[in-house]
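**Q** Residue numbers (my numbering): 492 to 728.
All C-beta atoms in this analysis are idealised placements derived from N, C-alpha and C, irrespective of residue type, glycine included.
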C-alpha cells in the first residue's frame, strides 16, 4: 500500500519512504514533511516498486528488512528497469558486508537503525545536492562574522564551520534574509515549515534554541528574542 502526505510547497523534492514498521514510517514521513519534502510512503517491497514507478520520486528512503521483497532486491529491480532514483537504505544490519551489499545493489547511502532524524535529513540533502545540482540555488549571505552559503549548505561563524540540520539551516537562512527585522513565530512556521494552522509555536522555540546553541555559544549572541513579538538577528550592543 502506498500513500501520499499532506501537500508540500511547489518545487519541493519528492521522497518515497518505505518501511514496514508503522511507527517508524509515520515518524519519518512527519519529519520529512516538516523539513519541506513532498512525501510518499509504502510498507512493502512490491508497494515500493509500484510507487517508485508511478510517482518517480527524487529520492527513496528504503528499509532493508521488508515482509515480501527485501530492500536490496527492490533496489536491484529498480536499477534493472532503468530507474536512477537515489536510494538511502535503512537497516538494523550495520556490518561492513551489509553496507557493501547495499551499495552494490544500487544504494547511494546507508543509515543504521536506530537512527537520528537529523542524520536521515542531512544525508537526503547531501544525496540531492549530488543528484540535483543547484537545487538550493546560488547565494552567499553574511552578517557580522556569520556566513551562510545556500549553494553548498555550509555555515561558518568566525571562520569555523558549524554543522546544522536541514531545518536549522532553513531557519538560519530565513533569519539572515531578514537580519535586523523582527520575525514572528507564525512567519517562521509559514516560511520554514509551510505549517498548517494550529501548529504549536513550541516547534519554533525548540529549533531556535538548538540553533542558538550552535551559532552563539562562545561568541557574542546574534539571535535575540523579542518578547511577545518573535526573533531577530542583530549584533549585541
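1) Could you tell me the distance, in whole angstroms, from the CA atom of residue 560 to the CA atom of residue 537?
2) Can you tell me whether residue 715 is helix, strand or coil according to DSSP?
3) Which whole-angstrom value is the C-beta distance of residue 509 and residue 554, which I expect to be below 8 angstroms?
4) Which residues mark the beginning and the end of the alpha helix (DSSP H) in which residue 698 is found?
5) Would residue 648 be called buried (16 or more neighbouring beta carbons within 10 Å of its own) or exposed?
6) Smallest Cα separation from residue 608: which of 541, 721, 533 and 655?
7) Counting pairs of beta carbons, one from the segment 571-582 and one from the segment 595-605, are three or more of them closer than 8 angstroms?
8) Applying the criterion that 16 or more other CB atoms from any shown protein chain within 10 Å of the CB defines a buried residue, is residue 658 buried or exposed?
9) Check the C-beta distance from residue 667 over to residue 632 and give it rounded, since I have them as a contact under 8 angstroms.
10) Tell me, to the nearest whole angstrom, how far the beta carbon of residue 567 is from that of residue 598; I am working on the premise that it is less than 8 angstroms.
11) In chain order, which continuous runs of the alpha helix (DSSP H) of length 4 or greater are located wholly inside the segment 531-616?
12) Expressed to the nearest angstrom, what Euclidean distance is found between the alpha-carbon atoms of residue 526 and residue 675?
13) I'd like the list of long-range same chain contacts for residue 721, defined as Cβ closer than 8 angstroms, with 5 residues on each side in sequence excluded.
14) Helix or strand or just coil, what does DSSP make of residue 725?
15) Does residue 634 come out as helix, strand or coil in the three-state DSSP assignment?
16) Compute the distance between the beta-carbons of residue 565 and residue 530, then report whether it is under 9 angstroms.
17) Rounded to a whole number of angstroms, what is the C-alpha to C-alpha distance between residue 635 and residue 642?
18) Excluding sequence positions up to five away, which residues of its chain have a Cβ less than 7 angstroms from the Cβ of residue 695?
19) Under the rule that 16 or more other beta-carbon atoms within 10 Å means buried, what is residue 700, buried or exposed?
20) Expressed to the nearest angstrom, what Euclidean distance is found between the alpha-carbon atoms of residue 724 and residue 710?
21) Output the distance between the C-alpha atoms of residue 557 and residue 545, rounded to the nearest integer angstrom.
22) Which term fits residue 650, buried or exposed, when burial requires 16 or more other beta carbons within 10 angstroms of its beta carbon?
**A** The relevant details are as follows:
1) Your numbering for residue 560 matches position 69 in the chain shown. Your numbering for residue 537 matches position 46 in the chain shown. The straight-line gap from Cα to Cα measures roughly 7 angstroms.
2) Mapped onto the chain shown, residue 715 falls at position 224. Looking at residue 715 - three-state DSSP - the assignment turns out to be strand.
3) Residue 509 sits at position 18 when you count from the first residue of the chain shown. Residue 554 sits at position 63 when you count from the first residue of the chain shown. With 8 angstroms as the limit, residue 509 and residue 554 qualify as a contact, their Cβ atoms being about 6 angstroms apart.
4) Against the chain shown, residue 698 aligns to sequence position 207. Unbroken alpha helix (DSSP H) run through residue 698: 693-707.
5) Position 157 of the chain shown, counted from the start, is the residue given in the question as residue 648. It counts as buried.
6) Taking the chain shown and counting its residues from 1, one reaches residue 608 at position 117. The residue with the shortest Cα to Cα distance from residue 608 is 655.
7) yes
8) Along the chain shown, one-based indexing puts residue 658 at 167. Residue 658 is buried by the Cβ-count criterion.
9) As a first step, residue 667 is located in the chain shown; it is residue number 176 there, counting from the start. As a first step, residue 632 is located in the chain shown; it is residue number 141 there, counting from the start. So it is a contact: roughly 5 angstroms between Cβ atoms.
10) As a position in the chain shown, residue 567 is number 76, starting the count at 1. As a position in the chain shown, residue 598 is number 107, starting the count at 1. With 8 angstroms as the limit, residue 567 and residue 598 do not qualify as a contact, their Cβ atoms being about 10 angstroms apart.
11) 536-546, 562-571 and 587-595
12) Walking along the chain shown from the start, residue 526 turns up at place 35. Walking along the chain shown from the start, residue 675 turns up at place 184. Using only the alpha carbons, I get a separation of about 19 angstroms.
13) Taking the chain shown and counting its residues from 1, one reaches residue 721 at position 230. Hits under 8 angstroms: 673, 674, 675, 676, 678 and 679.
14) Numbered from its first residue, the chain shown carries residue 725 at position 234. Residue 725: coil per DSSP, three-state reduction.
15) By 1-based counting over the chain shown, the position of residue 634 is 143. It is a strand residue.
16) Start at 1 with the first residue of the chain shown, and residue 565 comes out as number 74. Start at 1 with the first residue of the chain shown, and residue 530 comes out as number 39. Cβ atoms of residue 565 and residue 530: not closer than 9 angstroms.
17) Walking along the chain shown from the start, residue 635 turns up at place 144. Walking along the chain shown from the start, residue 642 turns up at place 151. Cα-Cα distance, rounded: 20 angstroms.
18) Working through the chain shown from its first residue, we reach residue 695 at position 204. Within the same chain, residue 695 has close Cβ partners 676, 679 and 680.
19) Residue numbering aside, residue 700 sits at position 209 when the chain shown is read from its first letter. Label assigned to residue 700: exposed.
20) On the chain shown, position 233 is the one that residue 724 refers to. On the chain shown, position 219 is the one that residue 710 refers to. Their backbone Cα atoms lie some 14 angstroms apart in a straight line.
21) By 1-based counting over the chain shown, the position of residue 557 is 66. By 1-based counting over the chain shown, the position of residue 545 is 54. For residue 557 and residue 545, the distance between alpha carbons rounds to 20 angstroms.
22) On the chain shown, residue 650 is found 159 positions in, with the first residue counted as 1. Exposed, because fewer than 16 other Cβ atoms sit within 10 Å of the Cβ of residue 650.
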